[in-house]
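Chains as they are written, first to last, in this note's numbering: chain X, 16 to 259; chain V, 16 to 259.
There are 2 protein chains.
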Amino acid sequence: MPESHPAPACFPVTVDVVALTVVDDVLNVLLVTRLIEPFRGRLALPGGFVLPGEDLVTAAIRELAEETGVEQVPGHLEQLGSYGPRGRDPRGDVLTVAHLLLAPNFPVLSAGSDAEHAAWYPVGQVLDGELELAFDHGRMLADAVERAKSKLEYSPLGAAFCGDEFTVAQLRTVYEAVWGTRLDPRNFHRKATGTPGFLEDTGRMTTGETGRPAALFRLAAAARPAAGQPIRAVLNPPLMRPRD
Amino acid sequence: MPESHPAPACFPVTVDVVALTVVDDVLNVLLVTRLIEPFRGRLALPGGFVLPGEDLVTAAIRELAEETGVEQVPGHLEQLGSYGPRGRDPRGDVLTVAHLLLAPNFPVLSAGSDAEHAAWYPVGQVLDGELELAFDHGRMLADAVERAKSKLEYSPLGAAFCGDEFTVAQLRTVYEAVWGTRLDPRNFHRKATGTPGFLEDTGRMTTGETGRPAALFRLAAAARPAAGQPIRAVLNPPLMRPRD
DNA sequence: AGGACTTATCGTCACCTTGACAATAAGCCG
DNA sequence: CGGCTTATTGTCAAGGTGACGATAAGTCCT
């Protein structure tokens, strides 16, 4: 019965944000402590209901701002996927659209007030089961990390974890933190600097650090997020993570 | 104001299915002719509203069945992404979750009755602008094709376009149709048969075709869709499509 | 200042994969 | 049977990768 329009059912729709960053060479995720039921006191991804007249990305940005105080999107934001509506909220069916944010380590508003308290937590602690998240947020996080791992292979998005300018070593620690592996600094340097359209030498160097000063790079124009366009440049051949 | 729960707004939610297949060496997409406004008479992706108590995949399978008569999912189905809710339906805000189906060329119920008439159309005609789809379905199709192109590179999903058993040449025409390029049969054969965990020789051969008989393969167990698990085996190193 | 230490960067080399392409195999078709 | 078509096996050079040696150029300590 193709034309069965049985009362176009409505669903509550939420957005959740899996915000990933690298803190001290370790991949971290932004979590908030829930102040209300269900899952009161449990850690959860930042998120909330999409408001009437709002778009998905708009809602994601707003929720992120509400829970961290960050006004501008501090990194790369993309849609991760939708979950539900069944069996993920004890209160009833809720459809949620998860988003993935890859960003440099930005400070979160530690309001400590009546607001939900947001903070960075090592991803490993969650995936290992040390921390259990509310709802199906654990699965979302797992999916997000897998997506991030994969993105680093063939897109220049590893740089989204760094600031505007960064050294090859900083970029390498991002890859190591996300992939959970060690990479040979010399081979990584060769690949990163040798891939056309990836990095652009700023001509400036680091100073004051221990060891030999390093050259500062930025993302090449081709690899930078263009207005409205998806990230264009592809790492080709990809920078594959070590398997097994 | 983190605890702003301003009347958890509800949205109508639909699912759309971008069903892709290869017909005569050309990538095709399943489209229906709309019988009602808006976009009456225009071609559109099969889809419809998610019913109360239904999950996304369930709804996608149901809609596909309703518009084609196919009861079992004939190939690989995965979520593509969500679109909206704003500015995609003249009747108002509608959130839609697009799905991607990669399947062998299956016959569609040519009901011709009051049902929306589903049929295969060459993807190229749509992307070239010869055919214009309803809503934002053109963008969904573009995203779907891009996803399919990418999936063929590093997953064994190219085989989802073939039947249970297929020749290397059949698999190659899938790659050629999706990527829109020509591939060297000898190099493709080497890569396809030489990648561990990809293809499995059935021991049987084709007969009656023109030319030398070809060996019949099936997907190796590791590359077959496991219950509940995502497609496991990864083509490593990937089978990269030719760039530029 | 000099030496130890640390990190950055450049080179080398063997191995693997890939793209281009020759050669052979094994069916149909007349 | 000869011609045609497609399948499959090899060959070879170029390019990319992993492992690792060798320098370079700072900081830090004495």
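We put the beta carbon where it would ideally sit given N, CA and C, even for glycine. None of the values given here were measured: they were computed from a predicted structure.
Closest residue to residue i among the options (Cα-Cα distance)
{"i": "Arg-13 of chain V", "options": "V:Leu-46, V:Ala-74, V:Val-65", "result": "With chain V represented from 16 up to 259, any question about residue 13 of chain V goes unanswered, as that position is not in the structure."}
{"i": "Thr-208 of chain V", "options": "V:Val-33, V:Phe-121, V:Val-72, V:Ala-229", "result": "V:Ala-229"}
{"i": "Leu-234 of chain V", "options": "V:Gly-226, V:Phe-213, V:Ala-75", "result": "V:Phe-213"}
{"i": "Glu-52 of chain V", "options": "V:Ser-97, V:Glu-131, V:Gly-96, V:Val-33", "result": "V:Glu-131"}
{"i": "Thr-29 of chain X", "options": "V:Phe-232, V:Leu-110, V:Ala-237, V:Gly-144", "result": "V:Leu-110"}
{"i": "Val-41 of chain V", "options": "V:Tyr-190, V:Val-33, V:Gly-84, V:Thr-225", "result": "V:Tyr-190"}
{"i": "Leu-115 of chain X", "options": "X:Ala-24, X:Asp-108, X:Leu-35", "result": "X:Leu-35"}
{"i": "Trp-194 of chain X", "options": "X:Asp-151, X:Phe-54, X:Val-32, X:Val-37", "result": "X:Val-37"}
{"i": "Tyr-98 of chain V", "options": "V:Pro-252, V:Phe-26, V:Leu-79", "result": "V:Phe-26"}
{"i": "Ala-241 of chain X", "options": "X:Pro-252, X:Phe-121, X:Asp-143, X:His-91", "result": "X:His-91"}
{"i": "Arg-162 of chain X", "options": "X:Ala-113, X:Val-141, X:Thr-182, X:Gln-185", "result": "X:Ala-113"}
{"i": "Leu-211 of chain V", "options": "V:Ala-175, V:Gly-84, V:Ala-237, V:Arg-101", "result": "What sits at residue 211 of chain V in the sequence shown is Pro, not Leu. It is V:Ala-237."}
{"i": "Leu-124 of chain X", "options": "X:Glu-81, X:Gly-102, X:Gln-94", "result": "X:Glu-81"}
{"i": "Leu-117 of chain V", "options": "V:Leu-142, V:Asn-43, V:Asp-39", "result": "V:Asn-43"}
{"i": "Met-255 of chain X", "options": "V:Arg-55, V:Arg-256, V:Leu-250", "result": "V:Leu-250"}
{"i": "Pro-245 of chain X", "options": "X:Pro-119, X:Glu-93, X:Asp-158", "result": "X:Glu-93"}
{"i": "Leu-270 of chain V", "options": "V:Thr-48, V:Ala-157, V:Pro-89", "result": "Nothing can be reported for residue 270 of chain V, as the shown portion of chain V is limited to 16 through 259."}
{"i": "Thr-48 of chain V", "options": "V:Val-160, V:Gly-107, V:Thr-83", "result": "V:Thr-83"}
{"i": "Val-65 of chain V", "options": "X:Arg-103, X:Asp-108, X:Gly-63", "result": "X:Asp-108"}
{"i": "Glu-69 of chain V", "options": "X:Pro-100, X:Glu-69, X:Glu-224, X:Asp-39", "result": "X:Pro-100"}
{"i": "Asp-179 of chain X", "options": "X:Pro-253, X:Pro-119, X:Val-32, X:Leu-71", "result": "X:Pro-119"}
{"i": "Thr-13 of chain X", "options": "X:Phe-232, X:Gly-63, X:Ser-165, X:Pro-89", "result": "What the structure shows of chain X is the stretch from 16 to 259, and residue 13 of chain X is not part of that stretch, so it cannot be assessed."}
{"i": "Glu-224 of chain V", "options": "V:Pro-105, V:Ala-192, V:Gln-185", "result": "V:Gln-185"}
{"i": "Asp-39 of chain V", "options": "V:Thr-188, V:Glu-215, V:Gln-140", "result": "V:Thr-188"}
{"i": "Val-88 of chain V", "options": "V:Ala-159, V:Pro-257, V:Val-32", "result": "V:Val-32"}
{"i": "Pro-13 of chain V", "options": "V:Lys-206, V:Val-141, V:Arg-106", "result": "The first residue shown for chain V is 16 and the last is 259, placing residue 13 of chain V beyond what the model contains."}
{"i": "Val-85 of chain V", "options": "V:Ala-175, V:Asn-202, V:Phe-121", "result": "V:Phe-121"}
Cβ of residue i within 7 Å of any chain X Cβ
{"i": "Pro-228 of chain V", "result": "no"}
{"i": "His-91 of chain V", "result": "no"}
{"i": "Phe-176 of chain V", "result": "no"}
{"i": "Asn-251 of chain V", "result": "yes"}
{"i": "Arg-106 of chain V", "result": "no"}
{"i": "Arg-101 of chain V", "result": "yes"}
{"i": "Ala-113 of chain V", "result": "no"}
{"i": "Ser-97 of chain V", "result": "yes"}
{"i": "Ala-207 of chain V", "result": "no"}
{"i": "Pro-137 of chain V", "result": "no"}
{"i": "Asp-116 of chain V", "result": "At residue 116 of chain V the sequence reads Leu, which differs from the Asp that was named. By this cut-off, Leu-116 of chain V is not an interface position."}
{"i": "Ala-159 of chain V", "result": "no"}
{"i": "Ala-24 of chain V", "result": "yes"}
{"i": "Val-32 of chain V", "result": "no"}
Any chain V beta carbon closer than 7 Å to residue i
{"i": "Asp-259 of chain X", "result": "no"}
{"i": "Pro-17 of chain X", "result": "Low confidence applies to Pro-17 of chain X: its pLDDT is 43, below 50, so where it sits in the model is not reliable, and the reading given next is rough at best. Yes, because at least one Cβ of chain V sits closer than 7 Å to the Cβ of Pro-17 of chain X."}
{"i": "Val-189 of chain X", "result": "no"}
{"i": "Leu-110 of chain X", "result": "yes"}
{"i": "Arg-49 of chain X", "result": "no"}
{"i": "Gln-94 of chain X", "result": "yes"}
{"i": "Arg-162 of chain X", "result": "no"}
{"i": "Val-28 of chain X", "result": "yes"}
{"i": "Asp-70 of chain X", "result": "yes"}
{"i": "Ala-149 of chain X", "result": "no"}
{"i": "Pro-240 of chain X", "result": "no"}
{"i": "Ala-74 of chain X", "result": "no"}
{"i": "Leu-156 of chain X", "result": "no"}
{"i": "Pro-211 of chain X", "result": "no"}
{"i": "Ser-67 of chain X", "result": "Reading off the sequence shown, one finds Pro at residue 67 of chain X, where the question assumed Ser. Yes, Pro-67 of chain X lies at the interface with chain V (some Cβ there is under 7 Å from its Cβ)."}
For residue i: DSSP bridge partner residues
{"i": "Ala-113 of chain X", "result": "X:Asp-31, X:Gly-96"}
{"i": "Pro-67 of chain V", "result": "Pro-67 of chain V pairs with nothing; no bridge assigned."}
{"i": "His-91 of chain V", "result": "V:Leu-117"}
{"i": "Pro-137 of chain X", "result": "X:Asn-43"}
{"i": "Gly-62 of chain V", "result": "V:Asp-31"}
{"i": "Leu-148 of chain V", "result": "V:Leu-58"}
Near the ligand MN: residue i beta-carbon under 6 Å from a heavy atom
{"i": "Phe-121 of chain V", "result": "The ligand MN is absent from the structure shown, which contains no ligands of any kind."}
Review point. Can at least three beta-carbon pairs, one atom from the region 215-222 of chain X and one from the region 136-145 of chain X, be found at a separation below 8 Å?
Key: no
**Study point:** Inside the region 168-244 of chain X only - beta strand (DSSP E) runs reaching at least 3 residues
**Key:** 214-220, 230-234
**Study point:** Entirely enclosed beta strand (DSSP E) segments - the region 24-58 of chain V, minimum 3 residues
**Key:** 25-38, 41-48
Review point. Counting pairs of Cβ atoms below 8 Å between the region 70-82 of chain V and the region 162-182 of chain V, do you hit three or more?
Key: no
Check your understanding: Counting Cβ pairs, one atom from each stretch, are 3 or more of them under 8 Å apart for the region 149-156 of chain X and the region 59-69 of chain X?
Key -> yes
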